[in-house]
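The structure under discussion appears below in the form of structure tokens.
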Amino acid sequence: MAASATPQAQQHVERLERIWAERTGLLGWLTTTDHKRIGLLYFFTTLALLAAAGTEALLMRTQLIGPNKDVLGPHAYNELMTMHGVTMIFFVIIPMTTGAFGNYLLPLMIGARDMAFPRMNALSFWLFLASGLFIYTGLATGSAPDAGWFDYVPLASSTFSPGRGIDFYALGLIFNTVASTATAVNFIVTIFKLRAPGMSLNRMPLFCYAFLAVSFALIFALPALTVALIFLELDRRLGFHFYDPSAGGDVLLWQHLFWIFGHPEVYIIILPSFGIATSIIPTFTRRKMVAFPLVALAELLVAFIGFGVWAHHMFAVGLPTVATIYFAAASMIVVIPSAIQLFAWIMTILTGTPSFKTPLLWIVGFIVTFLVGGLSGIMFAAIPFDQQVTDTYFVVAHFHYIIAGGALFPIMAGIFYWFPKVTGRMYHERAGQWSFWLTFIGTNVTFFPMHIVGLIGMPRRQYTYPSGLGWNGYNLVETLGSYLLAVGLLVAVVNLVVSLRKGARVGNDPWGGDTLEWATTSPPPPYNYAVIPKVSSAYAMWDREDREEDARRLARGERTLQQGHETPASTVLDADWDEILDMPADSPWPITLAAATAGIFAMLLLGHYVTAAVFGAIALLVLVAWHGQEPQEA
Amino acid sequence: MSDVTRSVHATTPAAAARVASQRRALPNGWWGAALLVATEATLFACLIASYFYLYSYTTKWPPPGVERPSVALPLVLAAVLVATCVPMLLAVRAARAGRVGATAGWVALALAVQAGYLAVQIVELKDDLDSFSPRTGGAYASAYYTLLIAHHAHVLLGILMSAWLLTRLASGLTNYRVVATRVIALYWYFVAAVGVAVTLTLVSPSL
Amino acid sequence: MSVRRARRRSALRSASAAWLVVALSLTGCGGQSALTPHSGPARDIDKLWWWMLAAAAIGFFGAIAMLAVAWWRRRKEGLPWLGEREETTNSLVIVFGIAVPVVVLVSLFVVANLVVAKSTEAPAAGTTQLSINVVGRQWFWEVRYPGSPAVTANEIHIPVRTRVNVIATTDDVIHSFWVPELNRKIDMINGRTNRVLLYADKPGVYRGQCAELCGLQHAHMAFQVIAEPAARFRRWLANMAAPARAPQGAAAQQGEQVFMTQQCASCHTIRGTAADGRIGPDLTHVADRRTLAALTIPNTRPELISWIRDPQRIKPGNKMPALGLSNAQINAVADYLAGLR
Ligand code: HEA
Ligand code: HEA
Ligand code: CUA
Ligand SMILES: [Cu+2]
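Chains as they are written, first to last, in this note's numbering: chain A, 1 to 634; chain B, 635 to 841; chain C, 842 to 1182.
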């Protein structure tokens, strides 16, 4: 702490250091419950998975570089396509935003010392890792799923997809769902109960609103997917008939359930990125967000309305006209909260004094690509147009603009923005700007022509295409663009890796940031804050008197909570200080429970149901052991 | 800050009761459980919606050769399950007042009834399975058994949690165990409510 | 319009149509672009697209202009002209974020979902002169003409300027029937019967393709719609309805033998013979088709031979195995099939 100059303050800090000392080495990482370490674990895992999914994309693009190419056969192509979609959606963007960014930053931003349930947090990570390994085991052993990321039945039924690929998909995603649900619950309770005293809901940073919205959306969206997947496995494994029209089942039931989850899911993907944008823009424009309450409301509304639009993915299945009209109208309404946010960002940049450093550049790039993707998205709400271009590359263009540009760019922005906080060093600015421009140009060169090629008739999910339909040139450009895009991202990665060693050292607050995380050291200590910070607005770091007050309190040893792993719990709305909790320290049980759960899923996959039950019993025993210690986190 | 309690110190029944009465917000554990219940409730909502979705596209529900579900017994059983909410509620009261014995007693009573409930349900389930199976009963049987077994699994989980709670209460009351009692009670209210919804869904073809 | 004039016109039209058909079949398989519409519905969608693009472009460049101004004024606070008042900025967010979108969206809704949607709708029952059953199969299209024994594959002939009701179903997994130049697409869903209107302004070949992932050879599941003058269409349909021609010449007769005795007949139907397999396409008039294997290869003798020799090399994963026939057998079968006009 910069303010720990006085000897008394030093003494309190040392005491906290002792209490919160973490186990070092590998064992420390395996048993950690520190949200920052868990965040880093998530970060590196999802980065590796991003590299995998990106490589899959580049392989697909290479196959599509020209007509009738033979780089990948149809089987390999379908597998890579499915794995690319599944990995990017379930194993990259969501764990990257919630797992890595949310975990690392959320407790810091609200002035807490950990998540509400630190061990459950560790459990989420290990479950997530295990589910990722699980589904990639499928790819490694030659039975990757190949029915597309939305896995329509009956193609995914045991009749048309024998083999284990689809089982890897179904079980892997159920597994992944458990991890995401636990994370979401943890975020909500953390946001509701662990905000620093004084941070009433209206003083909470917009970043946290975004994560609150995402967490609620996860809680209510994931069960639909779980149910769909359970039905699928019951049909495939035990001869049930949910999706079997010959026995009274219905194939559209899958589509409904999948998209009831699937559409909220896309807002789950984009909302954290909105949150990152609303953190970065004020810092680099030196002004508060325009229309703060409206933006907070819009973040919550996007998540909410997103539940009412699912059938816009099913306009071509022949639903009754009334239904399609309703879903089209709902898809139009959902535009409004996005538009509010978009113009709030633009107006903030316009009326502030922006300095276009790397993080803000990525955010501006995001605004541009999100705009393009949003404008094509709204065109799908014109039913006849959707029925013309659905399942073509026009759709692929829409969602890559809005995800690869809209969701990934803010993640990149966030990585650059918080890099000094996490590592204590600054990245290389010039190289950062280079990586932005390469990626930005690459993204547009890759995905813009897809609009055109879709309009001139190219369906998606084809492993090859004939010559003579005017598609060749566009595809060539797209593929070259994707290489450029990959180079851009690689430059960013190299920049960060080199800066980790060579970057200039930075203090607590290199940017003049607006939120609390900049108040603590870079990197933050295990206990985050020596003094539980005082908060009197949503831009806590810009309230200089409060930060000076913190320093004085540290010297007096006030609000330092040093009798254990202590953190305050406060009331939900006003954040009045309610009680002092004692959080658990490192624990071997989360990883053990995750391993037992992995055992259950592996045995289900192999069809050894009895062994699966044995693993289930082990899991229960682990849970009992877990609850043997009684920390006061509850 | 003077009225802020350190719940970690609440390791005696009296201290636990004091923490419970001074706390203004609901405990974190309760919030966690409430959210888990919310996601589980959504899961059941999806299951029930799927049941009626398939129902609405089928003319013969249940299909020929499968008996209509009986009405009386399931409704009575659902009522029994709902009734066990009362001892759970009383257990929470007792726990918050720091009365260990009463807490354990009420939980044990609820547990006994719930275990009996589950036993009868399992016998019923076996009867059903003898007369038609998910393989032979078409989509009806798929939806029927999935919904039923999903609910039984939740009852079983609740019973295991209550049993665990009893073993803990045997060594006294702490803040942690008060919160655990509240969490498990909340879970039971949810299981009972879903029990009613599931039962009404499953008997609907006979109504 | 007098009868004579009408007749003269239609004669002229069919002459030019015949020419067009020839021209198009020379260039390949017809186009598949939603931006070259050849029917009322497709034109409406195309128009809708250009209007939406124009509106989107205005929105896009408007927002970009704001960002450009932001860059230009990066050292100045507040809005150009409007000053620094927070309320002004907030109301701009409301104007651009709520008011303008509401107006735009309401107009889009009315035009697209109430007006254009009418024109692309499935035809009301009994309002068309012709219905065609199209069945999606992994990975070809089975085409039947109700009221006629005609069955063919991957080639849908329709009379030009006639409303045709396509009844789209599937035999295995979900496929999606799509001829962009003529109309929107419609999915083929198990347990459901969907319909879509086909209409062509002028004679020609219009390419269609399966648009829903349906397994390994989803990419090679295309077809052609051939719109031709009514008389020509009727001739074609009569020929399709007839049973297969008897083989001419020794080679062809030997080919028929091979076809019936090797496994071909267990998968393919040739009406008028003993072959009545249901797994592959009906081959009664296979020689009449322009392409083989759902537009994967042109229907020429060398291609036919290499198909029979090893279908898996040409269309990996498709449901027809290589049967290991001798060269002589293959040549004979090819002779036989080439005679099935
Ligand atoms: C989060 C979502 C996401 C993201 C970010 C992307 C990113 C990309 N996608 Fe993805 N895509 C999907 C989600 C996503 N995609 C989905 C859901 C589908 C549909 C699947 C289906 O139909 O079932 C799809 C389908 C899809 C298709 C269509 C396939 C088809 O229909 O046949 C194509 C084709 O070009 C494509 C390409 C790309 C490319 C080139 C990128 C590029 O942006 C990727 C760039 C990334 C990299 C190149 C990785 C670089 C990483 C590093 C350099 C880090 C290095 C780190 C270490 C070394 C540790 N994608
Ligand atoms: C991050 C993820 C994300 C986001 C945020 C969105 C946002 C939107 N999406 Fe997208 N979508 C996907 C991810 C996403 N989508 C994916 C992955 C698929 C494909 C799945 C698959 O098939 O594999 C898909 C597919 C998809 C379809 C189905 C297409 C099809 O398969 O036929 C539709 C149909 O309505 C749709 C609509 C929309 C709309 C209306 C929005 C809106 O929220 C957009 C709102 C934003 C704006 C409009 C821009 C800003 C606003 C203004 C500038 C104001 C002025 C604008 C107007 C007045 C119009 N999306
Ligand atoms: Cu048939 Cu794709
Ligand atoms: Cu959607």
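Backbone N, C-alpha and C define an ideal beta-carbon position, used for all residues, glycine too. Keep in mind the model is a prediction, meaning the values are calculated, not measured.
- Sequence-distant Cβ neighbours of T571 of chain A in its own chain, meaning closer than 7 Å and more than five residues away, are D578.
- In the displayed model, M458 of chain A falls within coil according to three-state DSSP, outside both helix and strand.
- Note on T141 of chain A: under 16 other CB atoms within 10 angstroms of its CB, so exposed under the neighbour-count rule.
- As DSSP reads the structure, M1029 of chain C sits in a beta bridge with C:H1016.
- Of A:W471, A:Q341 and A:Q11, the smallest CA-CA separation from V936 of chain C is found for A:Q341.
- Straight through space, the alpha carbons of T1132 of chain C and P1139 of chain C are spaced by roughly 4 Å.
- For K694 of chain B, the number of other beta carbons within 10 angstroms of its own is below 16, and it is reported as exposed.
- For E548 of chain A against K421 of chain A, the beta-carbon gap comes to about 21 Å, at or over 8 Å, which does not count as contact.
- Contact annotation: G365 of chain A and F409 of chain A have beta-carbon atoms nearer than 9 Å.
- Counting the other CB atoms within 10 Å of its CB gives L763 of chain B a total below 16, which places it among the exposed residues.
- Along the segment 479-562 of chain A, the beta strand (DSSP E) does not occur as any fully enclosed run of 3 or more residues.
- H84 of chain A has a beta carbon lying at 9 Å or more from every beta carbon in chain B.
- In this model, A112 of chain A and S355 of chain A are separated by some 30 Å (Cα to Cα).
- According to the DSSP assignment, D386 of chain A belongs to the alpha helix (DSSP H) that extends over I383 to V389.
- Assignment of alpha helix (DSSP H) within the segment 351-406 of chain A, counting only whole runs of 4 or more residues, yields 358-379, 383-389 and 393-400 in chain order.
- Restricted to the segment 643-696 of chain B, the alpha helix (DSSP H) segments that are unbroken, complete and at least 4 residues in length are 647-656 and 662-690, listed in chain order.
- Ranked by how close their Cα comes to the Cα of L133 of chain A, the residues A:T97, A:V71 and A:N176 have A:N176 in first place.
- The residue among B:L841, B:T737 and B:V830 with its C-alpha nearest the C-alpha of I682 of chain B is B:V830.
- By the criterion of a C-beta distance shorter than 8 Å, I756 of chain B is surrounded in its chain by H786, once the five residues flanking it on both sides are discounted.
- Measuring C-alpha to C-alpha distances from P878 of chain C to each of C:A1071, C:L1023, C:R1036 and C:A1079 identifies C:L1023 as the nearest.
- Around the C-beta of T718 of chain B, 16 or more other C-beta atoms lie within 10 Å, and the residue is accordingly described as buried.
- For P768 of chain B, the chain A residues whose Cβ falls inside 8 Å of its Cβ are L234, L238, G239, F240 and H241, in order along the chain.
- When 9 Å is used as the limit between beta carbons, H75 of chain A is near these residues of chain C: L1057, P1157 and G1158, in chain order.
- Per DSSP, the unbroken alpha helix (DSSP H) holding H84 of chain A starts and ends at P74 to V86.
- Minimum Cα-Cα distance from I110 of chain A among the listed residues A:D574, A:V535 and A:I618 corresponds to A:V535.
- Within the DSSP bridge table, the entry for H998 of chain C names C:I1067 as partners.
- For R287 of chain A, the closest Cβ of chain C is nearer than 9 Å.
- Rounded to whole angstroms, the separation of the alpha carbons of T159 of chain A and F615 of chain A is 30 Å.
- Distance from S874 of chain C to G457 of chain A at the Cβ level is roughly 5 Å; contact confirmed, criterion being Cβ atoms closer than 8 Å.
- Sequence-ordered contacts of the segment 891-924 of chain C with chain A read M893, A897, G900, F901, A904, I905, M907, L908, V910, A911, W912, R914, R915, R916, K917, E918, G919 and L920 [C-beta pairs closer than 8 Å].
- Think of a sphere of 7 Å around the beta carbon of G457 of chain A: the chain C residues whose beta carbon falls inside it are Q873, S874, A875 and P1021, in chain order.
- When DSSP reads this structure, N1035 of chain C sits in a beta bridge with C:A1009.
- In this structure, DSSP gives A594 of chain A a helical state, which the three-state scheme calls helix.
- As the crow flies, the alpha-carbon of A675 of chain B is around 8 Å from that of F824 of chain B.
- A distance below 9 Å separates the beta carbons of Q563 of chain A and R640 of chain B.
- Positions of the alpha helix (DSSP H) runs, each at least 4 residues long and wholly inside the segment 1087-1162 of chain C, are given as 1091-1102, 1105-1108, 1142-1150 and 1152-1155 in order along the chain.
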